Amino acid sequence: MKRIIEIVPARPGWYARWQVTPQATRCYPVTLWALLEEADGTGREVVGVDCVGQWPGADDNEAGVSFVRYLFHTPDSGAPEDAESPMVGELREPGPRLQPVPAA
Numbered sequence: 082m083k084r085i086i087e088i089v090p091a092r093p094g095w096y097a098r099w100q101v102t103p104q105a106t107r108c109y110p111v112t113l114w115a116l117l118e119e120a121d122g123t124g125r126e127v128v129g130v131d132c133v134g135q136w137p138g139a140d141d142n143e144a145g146v147s148f149v150r151y152l153f154h155t156p157d158s159g160a161p162e163d164a165e166s167p168m169v170g171e172l173r174e175p176g177p178r179l180q181p182v183p184a185a
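If you're matching positions, the sequence shown starts at 82 in my numbering and goes up one per residue.
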């Protein structure tokens, strides 16, 4: 089992590219970088977690999809042609939402 040593936000322009079919890829923006280490203190690696919660080696990535590579596009050059930015409703596990407080 690996443990997380450090988490840092990803700067704009980083993408994770995934192979969805033999002829098609899809990129999602990377939201954070995590430094992982083996439980015995050896074998460190950095992984990027994309905006849909996927990272290379995760057990719950989309079925049939495989990680290709990370890529960087300067923000002023635009997104890669296969980039997708899912709507909040498409995220796997939505985070907490603000709820109105009932009047007392």
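Yeah, the Cβ is synthetic: ideal placement off N, Cα and C, and Gly gets one too. All figures in this text were calculated on a predicted structure; none of them were measured in a lab.
- Membership of P110 in the beta strand (DSSP E) is indicated by the continuous run 105-119.
- Beta-bridge partners of S147 (DSSP): Q100.
- Membership of V133 in any beta strand (DSSP E) is not indicated, and neither H nor E is assigned to it by DSSP.
- Taking the CA atoms as reference points, I88 sits about 18 Å from G94.
- Residue nearest to V128 within the set A105, V146, V149, L117 is L117 (criterion: CA-CA distance).
- If the five residues before and after P161 are omitted, its C-beta is found closer than 7 Å to the C-beta atoms of Y96, C108, L152, H154, all from its own chain and listed in chain order.
- Beta-bridge partners assigned by DSSP to R84: E118.
- With a beta-carbon spacing of about 5 Å, Q100 and V149 fall inside the 8 Å limit used to define contacts.
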